[in-house]
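Each step along the sequence shown adds one to the number in our numbering, with nothing skipped, and position 564 is 673. Note that the Cβ used here is the ideal one computed from N, Cα and C, for glycine as well.
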Amino acid sequence: MGLGHLRSRRVGRGRRHRPRARRRGLRHATLPRARRRLRRVRQRPRRPPGREAHHHLPPRRRRAAAGRAHRGPGARRRRGRRPAGAGQRRGRRSGSPRRAARQGTRLPRHRGRPRDEPPAAALPRRRRAGGPHHHARRRLGPRHRRGGGPGGRRRPAGHRQPGRRDRPDPGRGRRRRPARGGRRRGRRARDPARRPPRRPTTRGAGPARRRRLVVPRGVGRAPPRTGQARPRADGERPRPDQGRPRRRRPIAGGQLPPPPAQVTRQQETPVPTEPVRPPLPSSTDVLIVGAGPTGLALAAAFRTLGVDHVLIDRAAGPAVHSRAAAAHARTLESLATIGAADALVARGRPGRAFVARDGERRIVSTPFDELDTPYPFVLAVPQETTEQVLQARLEELGGRVYRRHTLLDLGELYPGMNALVTDDETGEVRAVRARYVVGCDGLHSTVRQRSDIDFVGHDRPHNFALIEFSMDWSGPEGEITFFFSPAGLLAVSHLPGDLYRIVALVDDDAGPPTLEEIQHLLDTRGPTAAGARVHHLEMASTWRVRHRLADTFAKGPVFLVGDAAHVHSPVGAQGMNTGIQDVFNLAWKLAAVLDGTAAPELLNTYNAERRPVAQGVLAFTSQLHDISTASDPNSVFLRNEVLSAASRIPEFQSWLANRLAQISARYPGAEPGAQSPAVGERMPPRPGMATGIGWSLLLPPGADSPAVKEAAAASATPIAVATVTDLPHAVLVRPDGHVALTSPAAEAAELPGRLAAWLRHPWPVAG
């Protein structure tokens, strides 16, 4: 017998290429020692008759050889026996457990793994040298193993040795090397179907052969015994003892212990978690900065029109205390197009008139009940209530507000803008690319500052105090009252419930007033017969009056709305109402440009139409402010006499009511080359007009022909057709309620075609 195959200990990875010394169990033998051992084996005499077959072997090898002889020729000694349990079959195995674990076909049979469980991952780990079981792990005989092997003591599955800890997993214990299943290579296994596929060999990976497989705890092991039979899988043989209760051993005294109690897991109460905030989108058509009344109204209008947008705000929620306290008729008409007017009216207190008094004397009264509007009143409602109603409506329409997000910077990124937005909760900064950006972020607008738009104006030399409180009041109800007094202006409005709000002119260095100071204001400036008694203070703040106007309301893809474009005196309650009109002038134009029905030049009309209106509002409120804060005795006397005389003129009362309600706002030049004076005027709501934000074609009686309806149906822009009795000619009304086009009744069928040209008109940029 040659020894040529012993030239190297790392000849190959195959079983047949191992040195004979390793195949015979001399794992750490060197080449000279292996040669001497093989020489001694050859020189041993044959066994004489009657002697033990394996007497020349060491005791451990002798027992292993005896086990092979007992199991039959060709069988190999098993390194461990799996306990009989969980319905497995006993018998020989085929294949290599390492190869099976690597290819995912089946795991080696180890203690506690049922046959029907899926294969688990087996992790190779290097053998640790110098450990307590470094050599003894391979040299344990059958007697020392926990079950299995000739002479070894078998224990049933799940058995626990006395004195050991009570573990929930009976298979957990000392880890052993998995058994090598199957026959020798080259011989066909008894069951070819169960034979794992052949492992691909790789040269030069000899040291990896000495890695041992370590099965992690809990992987591939049987579940703990609970005294109940495990349900059998399909095709599994039932064991004779399957379903029987676990045997209980008697304790001291000969008594059996009580049966184990059935453990049931109580259903855990789910822990409430905060809703996960969706991430800020990286791109959108319109980015709205600021979630005040104007920002919320614009977002709701975009949801109605189907415009993709993102609304961000640095605040955590709607405003708690704010300055606006009244919604006029034109504002309620606009909010009705997004379905928010009725909810707002239900939470406010309608007022019949604006009244100016000097003590007990009524100087001027402006009734609203004669206005041509579905809302002939002024609604006393706090701004925080308005924001709550608008946000609720936005959420009903499927929109949302990204709270705690702050705009850091704006940069041009053709054809739109690139905005850097930070999440104030996480500190993350994200870039949002938007086709258009609308600044609704108030007096200190970041959008206006980053766009280099000047905010021109001045500060008035007066400070105002805003106070909300509860009191007993026997004064006039159903009106917003301005009290002119030598001590200063005092405006009182009754809010829902027992709350009142006053706006009072105070000294420059005065702080928020106390209850005693509020009582003093009412006693010195209000009517003495009212008997006002203040009970509880809700809110008090002071601010300086500013009159400012932006140089432009539009600069490229950036637009300014509300207080970001104009601020003025609170006298007349015009601020929030003007901002709402900005919103509904801009919303439908952006929607028409984004969906392709209008040219981008249509957006130039926003600045051309709304900035002159804002200029008029600033001039009007400035005049009201000067009249209300007059302190010179001669000026006070002249003011009272002139206003008292003018209030007896119906035309003056009608003009003042329309001006305060913003119904008289007009957009001159709304139609290029228009000759009709009706173009640009507000059209009062009429039955049959478009619901929501849409176009309406109003016809005089007798002009409702099939040709008009066919032309409206063929238009690229949806148009609602209605007949109105008090119209002398046909009128095409814009989505914001202003007249766009007019024509004689006989030419009404031409208006839908003229609308397409009107939307594509190259509107110039306002200077």
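Discussion item. Need the endpoints of the alpha helix (DSSP H) that D417 sits in, please.
Written reply: By one-based count along the sequence shown, residue 417 stands at place 308. Annotation: D417 is outside any alpha helix (DSSP H) and is labelled neither H nor E by DSSP.
Item to complete: Mind listing, in chain order, the continuous alpha helix (DSSP H) runs of no fewer than 4 residues lying wholly within the segment 520–608?
Response: Along the length of the segment 520–608, whole alpha helix (DSSP H) runs at least 4 residues long occupy 555–559, reported in chain order.
Fill in: Three-state secondary structure assigned by DSSP to W697
For the purposes of this step, residue 697 is taken as the residue at position 588 of the sequence shown. For W697, the three-state secondary structure derived from DSSP is helix.
Fill in: C-alpha gap between V833 and E442, whole angstroms
Taking the sequence shown and counting its residues from 1, one reaches residue 833 at position 724. Taking the sequence shown and counting its residues from 1, one reaches residue 442 at position 333. Cα to Cα, the separation comes out at about 19 Å.
Discussion item. Measuring alpha carbon to alpha carbon, tell me which residue in A700, P167, D672, L747 is nearest D550.
Written reply: By one-based count along the sequence shown, residue 550 stands at place 441. That would be D672, whose Cα lies nearest to the Cα of D550.
Item to complete: State the Cα-Cα distance for the pair V398 and L499, rounded to the nearest angstrom.
Response: By one-based count along the sequence shown, residue 398 stands at place 289. By one-based count along the sequence shown, residue 499 stands at place 390. In this structure, the straight-line span from the alpha carbon of V398 to that of L499 is close to 16 Å.
Worksheet item: In whole angstroms, what is the alpha-carbon distance linking H418 and L405?
Response: Start at 1 with the first residue of the sequence shown, and residue 418 comes out as number 309. Start at 1 with the first residue of the sequence shown, and residue 405 comes out as number 296. In this model, H418 and L405 are separated by some 12 Å (Cα to Cα).
Worksheet item: Going along the chain, which residues of its own chain have a beta-carbon closer than 6 Å to the beta-carbon of F693, five neighbours each way excluded?
Response: Taking the first residue of the sequence shown as 1, we reach residue 693 at position 584. S443, D845, listed in sequence order.
Worksheet item: Looking at the unbroken alpha helix (DSSP H) that takes in L444, where does it start and where does it end?
Response: Here residue 444 refers to the residue found at position 335 when the sequence shown is read from its first residue. Segment 438–445, the alpha helix (DSSP H) holding L444.
Worksheet item: Can you find a C-beta in chain C that's less than 9 Å from the C-beta of A858?
Response: Included in the structure is just one protein chain, with no chain C present.
Worksheet item: Taking the continuous alpha helix (DSSP H) assigned at G862, which residues delimit it?
Response: Within the sequence shown, residue 862 is the residue found at index 753, counting from 1. Run containing G862: 860–868, per the alpha helix (DSSP H) assignment.
Worksheet item: Going by Cα to Cα distance, which pick from P679, R843, T826, D532 is closest to P794?
Response: Position 685 of the sequence shown, counted from the first residue, corresponds to residue 794. Nearest option by C-alpha distance: R843.
Fill in: Distance between V667 and I828 (C-alpha atoms, nearest Å)
Counting from one through the sequence shown, the residue named residue 828 turns up at place 719. Counting from one through the sequence shown, the residue named residue 667 turns up at place 558. For I828 and V667, the distance between alpha carbons rounds to 29 Å.
Discussion item. Beta-carbon within less than 6 Å of V643's beta-carbon, same chain only, minus the 5 sequence neighbours each way: which residues are those?
Written reply: Here the question's residue 643 lines up with position 534 in the sequence shown. Taking C-beta separations shorter than 6 Å and ignoring five residues to either side along the sequence, the partners of V643 in its chain run F578, M580, L624, I627, Q628, following chain order.
Worksheet entry | Three-state class that DSSP yields for S392 in the structure shown | Within the sequence shown, numbered from 1, the residue matching residue 392 stands at position 283. DSSP places S392 in strand when its eight states are reduced to three.
Discussion item. I believe V464 touches P585 by the beta-carbon criterion, under 8 Å. Please report the beta-carbon distance rounded to the nearest angstrom.
Written reply: Numbered from its first residue, the sequence shown carries residue 464 at position 355. Numbered from its first residue, the sequence shown carries residue 585 at position 476. That belief holds up - the Cβ atoms of V464 and P585 are roughly 7 Å apart, short of 8 Å.
Practice prompt. Quick one: grab the DSSP three-state call for S731.
Written response: Along the sequence shown, read from residue 1 onward, the residue named residue 731 stands at position 622. Helix.
Fill in: Segment contact flag, the segment 587–598 with the segment 455–473, C-beta cutoff 8 Å, min 3 pairs
Taking a cut-off of 8 Å on C-beta distances, the segment 587–598 touches the segment 455–473, as three or more cross pairs fall below it.
Item to complete: Give the range of the beta strand (DSSP E) segment to which L841 is assigned.
Response: On the sequence shown, position 732 is the one that residue 841 refers to. Residues 839–842.
Worksheet item: Alpha carbon to alpha carbon, how far is A857 from V395?
Response: Position 748 of the sequence shown, counted from the first residue, corresponds to residue 857. Position 286 of the sequence shown, counted from the first residue, corresponds to residue 395. One C-alpha to the other measures close to 35 Å.
Practice prompt. Specify the secondary structure class of H677 as computed by DSSP and reduced to three states.
Written response: Walking along the sequence shown from the start, residue 677 turns up at place 568. Reduced to three states, the DSSP call for H677 is coil.
Worksheet item: To the nearest angstrom, how far is it from the Cα of V676 to the Cα of R869?
Response: Position 567 of the sequence shown, counted from the first residue, corresponds to residue 676. Position 760 of the sequence shown, counted from the first residue, corresponds to residue 869. Within the model, the alpha-carbon separation for V676 versus R869 is close to 33 Å.
Discussion item. If you measure between the beta carbons of D617 and R512, is that distance less than 9 Å?
Written reply: Counted from its first residue, the sequence shown places residue 617 at position 508. Counted from its first residue, the sequence shown places residue 512 at position 403. Contact flag unset, no.
Worksheet entry | Cβ neighbour criterion (16 or more within 10 Å) applied to R757 | Locating residue 757 in the sequence shown gives position 648, counting from the first residue. With fewer than 16 other Cβ atoms within 10 Å, it is exposed.
Worksheet item: How about V556 and V547: are their beta carbons less than 9 Å apart?
Response: Counting from 1 along the sequence shown, the entry for residue 556 is found at position 447. Counting from 1 along the sequence shown, the entry for residue 547 is found at position 438. V556 is a Cβ neighbour of V547, given a cutoff of 9 Å.
Worksheet item: What does DSSP give as the partner residues of W652 in its beta bridges?
Response: Taking the sequence shown and counting its residues from 1, one reaches residue 652 at position 543. Answer by DSSP bridge pairing, in chain order: F573.
Worksheet item: Is any heavy atom of the ligand SAH found at a distance shorter than 8 Å from the C-beta of L389?
Response: Within the structure as shown, the ligand SAH is missing, as the structure has no ligands at all.
Item to complete: Report the partner residues of I611 according to the DSSP bridge assignment.
Response: Reading the sequence shown from its first residue, position 502 is the one you call residue 611. I611 is bridged by DSSP to I576, V601.
Discussion item. Residues in the same chain with beta-carbon distance under 7 Å from G448, minus the five sequence neighbours each way, listed in chain order, please.
Written reply: Residue 448 sits at position 339 when you count from the first residue of the sequence shown. Within the same chain, G448 has close Cβ partners R502.
Discussion item. Which residue marks the beginning of the beta strand (DSSP E) containing F463, and which one marks its end?
Written reply: Residue numbering aside, residue 463 sits at position 354 when the sequence shown is read from its first letter. Where F463 is concerned, the enclosing beta strand (DSSP E) stretches over 462–467.
Worksheet item: Contact between the segment 762–775 and the segment 472–480: three or more CB pairs below 8 Å?
Response: A contact exists between the segment 762–775 and the segment 472–480.
Worksheet item: Can you give the beta carbon distance from L598 to T403, rounded, assuming they're within the 8 Å contact cut?
Response: Mapped onto the sequence shown, residue 598 falls at position 489. Mapped onto the sequence shown, residue 403 falls at position 294. With a Cβ gap of about 27 Å, L598 and T403 do not count as contacting.
Worksheet item: Quick one: is Y523 buried, meaning 16 or more other Cβ sit within 10 Å of its Cβ, or exposed?
Response: Counting from one through the sequence shown, the residue named residue 523 turns up at place 414. Y523 should be labelled exposed.
Worksheet item: According to DSSP, what are the bridge partners of S805?
Response: As a working mapping, residue 805 is identified with position 696 in the sequence shown. DSSP output for S805 lists A829, V842 as bridge partner(s).
Discussion item. Within a Cβ cutoff of 7 Å, which residues of the same chain sit near L727, ignoring the five residues on either side of it in sequence?
Written reply: Here the question's residue 727 lines up with position 618 in the sequence shown. Taking C-beta separations shorter than 7 Å and ignoring five residues to either side along the sequence, the partners of L727 in its chain run H656, L658, H675, H677, following chain order.
Worksheet entry | With 16 other Cβ atoms within 10 Å as the buried cut-off, status of P241 | Sequence index remark: in the sequence shown, residue 241 carries index 132 (1-based). Because P241 carries a pLDDT of 46, less than 50, the predicted location of this residue cannot be relied on, and the following value inherits that uncertainty. That one is exposed.
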